[in-house]
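Participant: First residue of the sequence shown: 1, per the UniProt record's numbering; consecutive thereafter. Beta carbons: idealized from backbone N, C-alpha and C, even for Gly.
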Amino acid sequence: MNLYSKGNTMPRATARHILVKTETEASQLKEQIEGGADFAELAKKHSSCPSSRNGGDLGSFGPGQMVAEFDQVVFSAPVNTVQGPVKTQFGLHLIEVTSRED
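#1: Taking the beta strand (DSSP E) that Ser60 belongs to, which residues open and close that run?
#2: Span of the beta strand (DSSP E) holding Thr24?
#3: Can you give me the C-alpha to C-alpha distance between Leu29 and Met10, rounded to a whole angstrom?
#4: DSSP puts Ala15 in a beta bridge; with which residues?
#5: In angstroms, rounded to a whole number, what distance separates the CA positions of Thr88 and Val67?
Now the structure itself:
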């Protein structure tokens, strides 16, 4: 019997991210966001992920649908707080969980 077989639903999250190549760039963008810059606009301008055209929005997903390092942050970090930089095989991410249903 798995964790979800007793009527529990699988956790879901929605998140957005900015993917860059260097820690310096990630840190600079995070500072800008913390200073009031718009996350979506920075994602459109700086993120190398195709999601950049949607302001970094990745939509809704469950555990295991993203790489492990990304998943770990998305399913544990506070909602609406920018996390990172988070290193994955793709580069460095700034991640903001926009909603989560546990």
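Facilitator: This is what the structure gives:
#1: Asp57 to Phe61
#2: Looking at the DSSP string, Thr24 is not in any beta strand (DSSP E); the run it does join, the alpha helix (DSSP H), is Glu23 to Glu34.
#3: 32 Å
#4: DSSP lists Val97 as partners of Ala15.
#5: Answer to the nearest angstrom: the Cα atoms are 7 Å apart.
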